[in-house]
Each structure stands twice: as structure tokens, then as C-alpha cells.
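Quick note on numbering: the sequence shown equals residues 112 to 535 in my numbering.
Even for Gly, the Cβ is constructed at its ideal location relative to N, Cα and C.
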Amino acid sequence: MLRPIRTLAAAAAALALVSACNSAAKGTSSPSGTSAGAGAGAARGVSAGSIKVGGIVSMTSASGYSKKDTDLGAKARYLRANAEGGVNGRTIDYTGAQDDGQDPARNLAAARKLVQQDKVFAVSPMSSVTFSGADFLEQQKVPTFGWGTTPAFCGPKYIYGFNGCLVPTPGGTLNQTWPEGIGQVLGGAKGKSVAVIANDSDAGKFGVRTFSQGFASAGFTVSYAKASVPGTAVPSDWSAYVKEILSANGGKAPDAVVSVMQTPNNIGLFTALKRAGYQGLLSDPTDYDPGLLAKDATRQALDGVYVLLQFAPFESPDARMAQFKADIKAASGGREVPLNMHMLTGYMSADLFVSIAKKAGRELTAESFQAAAQSFSDTGTLVGDRAEPQGQKNSFGCGALVQLKNGAYEVSVPFKCYEPIPFK
Numbered sequence: 112m113l114r115p116i117r118t119l120a121a122a123a124a125a126l127a128l129v130s131a132c133n134s135a136a137k138g139t140s141s142p143s144g145t146s147a148g149a150g151a152g153a154a155r156g157v158s159a160g161s162i163k164v165g166g167i168v169s170m171t172s173a174s175g176y177s178k179k180d181t182d183l184g185a186k187a188r189y190l191r192a193n194a195e196g197g198v199n200g201r202t203i204d205y206t207g208a209q210d211d212g213q214d215p216a217r218n219l220a221a222a223r224k225l226v227q228q229d230k231v232f233a234v235s236p237m238s239s240v241t242f243s244g245a246d247f248l249e250q251q252k253v254p255t256f257g258w259g260t261t262p263a264f265c266g267p268k269y270i271y272g273f274n275g276c277l278v279p280t281p282g283g284t285l286n287q288t289w290p291e292g293i294g295q296v297l298g299g300a301k302g303k304s305v306a307v308i309a310n311d312s313d314a315g316k317f318g319v320r321t322f323s324q325g326f327a328s329a330g331f332t333v334s335y336a337k338a339s340v341p342g343t344a345v346p347s348d349w350s351a352y353v354k355e356i357l358s359a360n361g362g363k364a365p366d367a368v369v370s371v372m373q374t375p376n377n378i379g380l381f382t383a384l385k386r387a388g389y390q391g392l393l394s395d396p397t398d399y400d401p402g403l404l405a406k407d408a409t410r411q412a413l414d415g416v417y418v419l420l421q422f423a424p425f426e427s428p429d430a431r432m433a434q435f436k437a438d439i440k441a442a443s444g445g446r447e448v449p450l451n452m453h454m455l456t457g458y459m460s461a462d463l464f465v466s467i468a469k470k471a472g473r474e475l476t477a478e479s480f481q482a483a484a485q486s487f488s489d490t491g492t493l494v495g496d497r498a499e500p501q502g503q504k505n506s507f508g509c510g511a512l513v514q515l516k517n518g519a520y521e522v523s524v525p526f527k528c529y530e531p532i533p534f535k
């Protein structure tokens with residue numbers, strides 16, 4: 112676990128995390144998790160000088176997939192917030208992220224620990240395809256921020272996706288970045304077919320449902336749409352899936368295959384498709400990670416794949432991207448580290464929390480935070496324009512496509528905001 116971030120004396124000192132022994136620097140801790148200097152009616156995790164925040168991240172998983180760098184991204188954003196004077200005079204006391212092992216029981220246990228033992232005010236980031244702790248955090252009025260790829264980010268009052276709700280209920284909207292971007296690469300969607308495949312999980316089923324509707328709305332024929340791949344272990348034999356996909360388009364292969372799965376599954380599926388002679392477009396939403404290029408087998412398996420991004424690419428010349436890179440370097444002790452999408456997931460989760468907390472003012476409670484969120488909006492962020500509470504029902508509608516080509520990522524479709532469509 113990362114060491115907590117404590118009150119920083121000056122901006123120069125903000126690049127280092129100080130020891131945990133300063134946690135009660137302002138007064139004596141009360142049973143509610145506040146300090147004597149926080150004032151009457153102060154919220155859990157809020158003291159006179161700090162706001163305690165924790166995270167839940169799948170650092171490990173049965174498949175070997177890890178989102179551990181989500182923790183680094185959050186740490187980087189909180190360090191900068193503290194260097195700039197904190198949030199309305201309070202520094203962010205980030206306790207680091209709990210590892211849920213991508214296991215439902217551990218996710219709920221992590222949520223309970225953060226609230227009942229660590230006494231956090233907020234959970235940010237929350238990054239896992241398993242979010243069984245959502246109901247508990249909502250009941251406890253804990254502002255929670257993460258990547259809105261599960262239904263829990265769509266509807267609850269206290270839970271926010273950093274780029275909105277990506278798996279909405281009827282009445283919400285769908286982000287069209289993926290269908291529109293692939294349509295551009297293929298020279299138009301008219302007459303083109305697509306296969307959508309996902310894990311047999313709640314997130315996978317929602318992914319198939321939403322993306323199938325999005326591709327159809329963009330003009331594609333959805334010739335295959337199944338959440339049939341086991342969610343607990345990577346298949347050793349992909350032949351059955353490949354056979355179905357290659358004959359899905361009226362006995363022919365579809366023009367594009369999009370995988371709503373994580374890296375280990377994508378490597379297996381894409382390798383099997385290539386070996387079977389598939390020449391169409393391959394795409395997924397998870398494999399934007401320079402670390403994947405270190406291994407020849409991984410690089411070859413993902414070569415040519417188009418990756419969906421729901422944030423500005425690292426290759427972007429945007430000043431905010433330059434700030435992100437500088438913040439990651441500072442949080443890494445001044446070292447240059449390979450960037451990946453998990454870092455940005457943590458960073459933007461933390462950024463949305465900080466932005467709303469600033470708007471809430473000095474008298475910070477769960478209620479004042481929610482009141483601030485009800486009229487929150489900003490523009491030009493790394494995920495586009497943001498607005499709450501609209502983001503609890505709709506996505507923010509922006510994204511890009513990059514392609515892994517000759518051992519490097521290239522921007523194929525620049526970051527752009529697309530008009531969302533109604534979800535039925």
C-alpha cells in the first residue's frame with residue numbers, strides 16, 4: 112500500500128510522502144474519524160487540516176491482469192493538489208488503494224475497511240470490474256469515483272464515473288466514440304459488419320448490450336454479439352469462439368471484431384484469429400499500455416490492434432496532458448515511467464473528486480459535497496467536458512482510437528467529442 116500523504120509545508124515538499132505518524136497533527140481523533148480541530152458537525156474523514164481518501168483497485172487478479180498503476184495516478188493528482196495548497200485549506204490524506212483481487216467478497220471487504228476502520232471521507236479511485244461494495248458505499252454516503260464501466264456508476268447518488276456512466280439504464284445515453292472511430296478507419300460503416308465479444312459477467316453482458324446498440328446506430332450490421340468467454344480464467348483453446356466469429360457474417364468473417372475484455376483474453380483471442388487467417392480490423396478498450404510492448408509475444412499478438420481511449424492520448428500536445436505527465440513523474444520520485452491507461456484512470460478519478468470538493472467549500476460534509484455536485488461542470492479536461500449529475504446517467508461522450516503499429520502506438524482517430532445516442 113502507498114504511504115499516506117500528509118500536510119505539506121510548501122510546494123517543494125509536495126513531491127515526497129511523509130510518514131503516517133502525523134495523522135493526528137491537528138487535535139485528538141474522535142470516534143467519528145474527525146479531529147478536535149475540525150469543528151462541530153464535521154464529516155467522517157474530515158479534520159481541520161486534511162481530508163482522508165482511500166482507493167480500491169484490482170492490483171492482482173486470477174488472470175494475472177493488474178490495474179495497480181491506477182493507485183499511482185491518483186497519488187500523482189493528490190500530490191499536486193497538496194502542492195497547490197490543498198482543497199479549501201485542507202490537504203488530501205491519501206491512504207492508498209486496497210487490493211480487491213478482482214474478487215466480489217474482497218471488494219466489499221475493502222469498502223467496509225476504508226469506511227469503518229480507516230474512516231475515509233471518499234473512495235477515489237475505485238477500479239475493478241467487480242464492484243460489490245457499491246451498495247455499502249452508497250448507504251454510507253461515501254463519494255466514490257472511478258471508471259464508469261459497471262452499472263453501479265449509473266444511477267446511485269454518491270457514485271461517479273470520471274467520464275460519466277458508460278453502461279446506462281434505459282433513458283440514458285451511449286458514448287459513440289468506438290463505433291464512429293472504427294467507422295472512420297473502415298471508410299464508413301455502411302455495408303460493414305462487426306462482431307462483439309465479452310466475458311460472461313455482468314460487465315461483459317452490459318458491454319455487449321450497449322456496444323451492439325451503438326454499432327448498429329452508427330450503421331454497422333452486428334453479426335455476432337455474445338458475452339460467452341469465462342470471466343474467471345483465460346481459455347486455453349479459442350478455436351470454438353474463432354469458428355463462430357469467422358462465419359458470423361452470413362458464413363463469412365465480419366469486417367471488425369471488437370473485444371470488450373481485458374488484456375490476457377485479448378491476446379489469446381487476437382492471436383487465434385490471426386492464426387486462422389483473419390484479415391479484418393481488431394479492436395479493444397484496454398490495451399493502451401507501453402508496458403505490453405516489452406514482450407515480443409505480447410507485442411506481436413496486439414500488433415495492428417486499434418484501442419479505444421475515452422481520454423486524450425498520451426501523444427496529445429495538450430497542455431493538460433503535459434501536466435499529467437509531469438505529475439506522474441513527480442509521484443514516481445522524479446523517474447520517467449512508461450505511461451498507461453490505469454494511471455490516467457486513477458488521475459482523472461482523483462481530479463473529479465478534487466474539483467467537486469473545491470466547489471463544496473470549507474464546510475465539507477457528505478451533504479455539502481452532494482450539493483456542489485448537483486451543479487458541477489467544467490470544460491476542456493482530458494476526458495472532455497464534464498457535468499454532474501448528468502454524468503451519473505450519461506457518458507461525457509469523448510474519445511480517440513490509437514493503433515499499435517511496429518512496436519509503437521499511433522493516433523488513428525484524434526480525441527473528439529461525439530453526440531451520444533439514447534440507450535434503449
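_Please classify Q421 as buried or exposed, where buried requires at least 16 other C-beta atoms within 10 Å of its C-beta._
That one is buried.
*asked:* Among A519, P365, T374, P267, whose alpha-carbon lies nearest the alpha-carbon of Q501?
replied: Ranked by how close their Cα comes to the Cα of Q501, the residues A519, P365, T374, P267 have P267 in first place.
_Three-state secondary structure assigned by DSSP to F331_ = It is coil, neither helix nor strand.
*N360, buried or exposed, once every other Cβ within 10 Å from all chains shown has been counted against 16*: Its Cβ being crowded by 16 or more others within 10 Å, N360 is buried.
*Who are the Cβ neighbours of I439 in its own chain at under 8 Å, not counting the five residues just before and after it?*
Taking C-beta separations shorter than 8 Å and ignoring five residues to either side along the sequence, the partners of I439 in its chain run L183, G184, A187, V448, L450, M454, Y458, following chain order.
_Using DSSP's beta-bridge definition, name the partner residues of F242._
Per DSSP, none; premise fails for F242.
*Would I308 pass as a contact of V234 if the rule is Cβ separation under 8 Å?*
No; because the gap between Cβ atoms is not below 8 Å, this pair is not in contact.
*Report the rounded CA-to-CA distance for K417 versus D462, giving the unit in angstroms.*
A small correction: the amino acid at residue 417 is Tyr; Lys does not occupy that position in the sequence shown. Each residue's CA atom was taken as its position, placing Y417 and D462 some 27 Å apart.
*Between which two residues does the beta strand (DSSP E) containing Q411 stretch?*
Secondary structure note for Q411: it is in no beta strand (DSSP E), and the uninterrupted alpha helix (DSSP H) holding it is 407 to 413.
*asked:* Per DSSP, what are the beta-bridge partners of M237 in this structure?
replied: For M237, which the question treats as bridged, DSSP gives the partners I167, G257.
*Identify the residues that DSSP records as bridge partners of Y205: which are they?*
Answer is V164.
_Collapsed DSSP secondary structure at A263 in the structure displayed_ = It is helical.
*Contact set for R201: own chain, Cβ-Cβ below 7 Å, skip 5 residues either direction*: Apart from the 5 residues on each side of it in sequence, R201 sits with its Cβ closer than 7 Å to the Cβ of G160, S161, I162 in its chain, given in chain order.
*asked:* Measuring only the C-alpha atoms, how far is K436 from A519?
replied: In this structure, the straight-line span from the alpha carbon of K436 to that of A519 is close to 18 Å.
*So what's K521 in DSSP terms, helix, strand or just coil?*
Checking the sequence shown, residue 521 turns out to be Glu, not Lys. In this structure, E521 counts as strand in the three-state DSSP scheme.
*Which one of K252, S169, V524, L285 has the shortest CA to CA distance from G156?*
That would be K252, whose Cα lies nearest to the Cα of G156.
_So, at 6 Å on beta carbons, what are the nonlocal neighbours of L277 in its own chain, with the 5 sequence-adjacent residues on each side left out?_
Cβ neighbours of L277 beyond the five flanking positions: G259, T260, S506.
_Whole angstroms are fine: how far does the CA of T332 sit from the CA of W289?_
Just so you know, the alpha carbons of W289 and T332 end up roughly 15 Å apart.
*Does the distance from the C-beta atom of P279 to that of K504 stay below 8 Å?*
A distance below 8 Å separates the beta carbons of P279 and K504.
_Going by beta-carbon coordinates alone, are G325 and Q287 separated by less than 8 Å?_
Contact flag set, yes.
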